[in-house]
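First comes the structure, then the notes that go with it.
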Amino acid sequence: MSNAFDRIKYGLSQIAENGRSLNWWRGTLMRRGNGAIQTKLYPGRRGIDVVDADWDTLVVLDACRADLFEEFVDLDQFDDYRAETSRASATPEWLPVSFPDEYGDIVYVSGNPQVSKKVPDKWHKLFEVWQDAYDDDVEAILPGPIIDGAIRAREEYPDKRLIVHLMQPHVPFVGRPDLHFCTYQLFEDLDMDGDDRAGNVFEAAAKGIVDEEEMWQAYGENLTYAMDEVQRLIDAFDERIVLTSDHGNVVEAKSWPLPFTYHQHLPYHRHPGLVTVPWAVLDGERPTITDDGVESSSRATSAEVTERLENLGYK
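Going letter by letter, the sequence shown gives residues 0 to 314 in numbering that gives the first Met the number 0.
Right under this line is the structure:
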């Protein structure tokens with residue numbers, strides 16, 4: 000009873016705080032209305048179980064659609080490739096649904112602060128590389144330090160599975176500040192439906208503010224920028240490596256059953272452009288993996304995580 004009361008109390012407090020915002024109502028109805036219905040009809044178990052899949056190192060290319068990967072990455076270099084279905088359509092949804100337990104056999108090298116927020120204490124070791132990998136000039140967490148951290152982690156933990164989570168090709172597009180826009184932030188003074196305003200580059204492409212082909216090319220270049228660094232990991236590791244993603248993006252999609260339009264990506268939605276992700280496999284020698292229990296958790300403070308996520312455009 001107390002949990003139900005607490006939920007009602009929290010809901011009323013949110014309405015009192017945000018009830019005058021049309022954007023808040025729109026987002027709430029899409030997430031708690033449409034999103035709840037879509038995840039009920041297409042439950043997470045239909046997506047790939049990344050923990051039970053066969054890999055020694057799992058490279059997560061954040062927000063990488065399968066068709067983007069297929070266009071901008073040479074598939075001939077892999078021993079196997081297929082498109083898979085993700086269990087989620089946004090990182091904050093993907094992390095808890097993909098990793099519900101504790102994993103004493105996994106070391107997580109994280110370039111995404113959401114890991115420290117959503118699943119901070121699930122791992123044998125958590126490397127929070129994002130704390131030192133943010134570049135103020137490009138306003139992004141760069142892939143180079145994350146790969147450096149992955150190579151160090153493999154040297155230190157040769158008997159553990161490794162997850163390496165890069166931010167690219169997720170926005171912002173490195174080297175394209177003209178395409179940054181304001182990502183997720185829904186400012187009250189921003190007319191999200193204005194002809195010359197956009198909340199993110201995908202909405203800008205949908206409205207014709209930027210050319211859609213130019214946007215797609217920049218999106219792909221953000222992927223190849225990350226892949227140049229991933230190649231260093233591939234060259235350094237002789238083991239079974241899988242490259243995948245947590246979710247994709249859409250230029251414009253219709254939420255349902257309530258007829259809202261959305262852009263980029265939205266949690267709890269099951270559009271193919273959001274949940275169809277790459278699964279690229281490189282075979283190699285198989286290390287002996289041991290489970291020595293969970294020994295560490297996030298060292299980042301809540302304020303640090305919040306500040307970095309806000310730097311990246313999350314509100």
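Ideal Cβ positions, reconstructed from N, Cα and C, are used throughout, including at glycine.
These figures come from a predicted structure and were not determined experimentally.
Taking C-alpha atoms, which residue in Y313, S295, P271, T27 lies nearest to S85?
The residue labelled residue 85 in the question sits at position 86 within the sequence shown. S85 has its Cα closest to that of P271, out of Y313, S295, P271, T27.
Rounded to the nearest angstrom, how far is the Cβ of H164 from that of G247, given a contact under 8 Å?
Looking up residue 164 in the sequence shown gives position 165. Looking up residue 247 in the sequence shown gives position 248. The Cβ separation is near 16 Å, so there is no contact.
When we look at the beta-carbon of E69 and count the other beta-carbons within 10 Å, is it buried (16 or more) or exposed?
Within the sequence shown, the letter at position 70 stands for residue 69. Flag for E69 reads exposed.
Comparing the C-beta of L165 with each C-beta of chain B, is any distance below 7 Å?
Among the protein chains of the structure shown there is no chain B, as only one such chain exists.
Have a look at V137, Y261, V128 and flag the residue whose alpha-carbon is nearest the alpha-carbon of P144.
Here residue 144 corresponds to residue number 145 of the sequence shown, with the count starting at 1. The shortest C-alpha separation from P144 is found at V128.
Is the segment 254–273 close to the segment 289–296, with three or more CB pairs under 8 Å?
no
Identify, in the order they occur along the chain, each residue of the same chain with its Cβ nearer than 6 Å to the Cβ of I146, setting aside the five sequence neighbours on each side.
For this step, residue 146 is matched to residue 147 along the sequence shown. Cβ neighbours of I146 beyond the five flanking positions: E228, R231, L232.
If you count every other CB in all the chains shown that lies within 10 Å of the CB of E202, and 16 or more means buried, which is it?
As a position in the sequence shown, residue 202 is number 203, starting the count at 1. With 16 or more other Cβ atoms within 10 Å, it is buried.
Taking the CB atoms as reference points, tell me whether F180 and A197 lie closer together than 7 Å.
Numbered from 1 along the sequence shown, position 181 holds the residue referred to as residue 180. Numbered from 1 along the sequence shown, position 198 holds the residue referred to as residue 197. Yes. Within cutoff.
Can you tell me whether DSSP reads T223 as helix, strand or coil?
Working through the sequence shown from its first residue, we reach residue 223 at position 224. Of the three classes helix, strand and coil, the one that applies to T223 here is helix, per DSSP.
Report all residues from its chain with a CB closer than 7 Å to the CB of Y221; omit the five preceding and five following residues, and keep chain order.
Here residue 221 refers to the residue found at position 222 when the sequence shown is read from its first residue. It should be noted that the sequence gives Asn, not Tyr, for residue 221. If we look at N221 and ignore the five residues flanking it on each side, its Cβ neighbours are Q167, P168, F172, V173.
Whose CA, out of H262, R239, R175, lies closest to the CA of Y224?
The residue you call residue 224 lines up with position 225 of the sequence shown. Answer by Cα proximity: R175.
Validate contact between the segment 28–42 and the segment 206–214 using beta carbons, cut 8 Å, 3 pairs:
no
Does DSSP put R160 in a helix, a strand or coil?
Position 161 of the sequence shown, counted from the start, is the residue given in the question as residue 160. Of the three classes helix, strand and coil, the one that applies to R160 here is strand, per DSSP.
According to DSSP, which residues form a beta bridge with V108?
For the purposes of this step, residue 108 is taken as the residue at position 109 of the sequence shown. Answer is F126, V163.
Coarse secondary structure for T260, derived from DSSP in three states:
By 1-based counting over the sequence shown, the position of residue 260 is 261. Three-state result, T260: strand.
Leaving aside the five residues before and after P91 along the sequence, list all residues of the same chain whose C-beta is less than 8 Å from its C-beta, in chain order.
In the sequence shown, the residue the question calls residue 91 occupies position 92. The answer, listed in chain order, is Q113, K116, K117, P266.
Using CA coordinates, which residue listed in D136, H123, D120, Y107 is at the minimum distance from I361?
Outside the modelled stretch of the chain, which goes from 0 to 314, sits residue 361, for which no answer is possible.
Endpoints, alpha helix (DSSP H) assigned at P271
Here the question's residue 271 lines up with position 272 in the sequence shown. Segment 271–274, the alpha helix (DSSP H) holding P271.
Residues in its own chain within less than 6 Å of D134 by CB, not counting five upstream and five downstream?
Taking the sequence shown and counting its residues from 1, the one referred to as residue 134 is at position 135. Correct list, in chain order: L141.
Pop quiz: V49 and S97 are said to be a contact at Cβ under 8 Å. What is the actual Cβ separation, rounded to whole angstroms?
Start at 1 with the first residue of the sequence shown, and residue 49 comes out as number 50. Start at 1 with the first residue of the sequence shown, and residue 97 comes out as number 98. Their Cβ separation, rounded to whole angstroms, is 5 Å, which keeps V49 and S97 in contact under 8 Å.
Going by beta carbon distance, what residues of the same chain come within less than 6 Å of G148, once the five residues before and after it are set aside?
On the sequence shown, residue 148 is found 149 positions in, with the first residue counted as 1. Around G148: V108, F126, V128.
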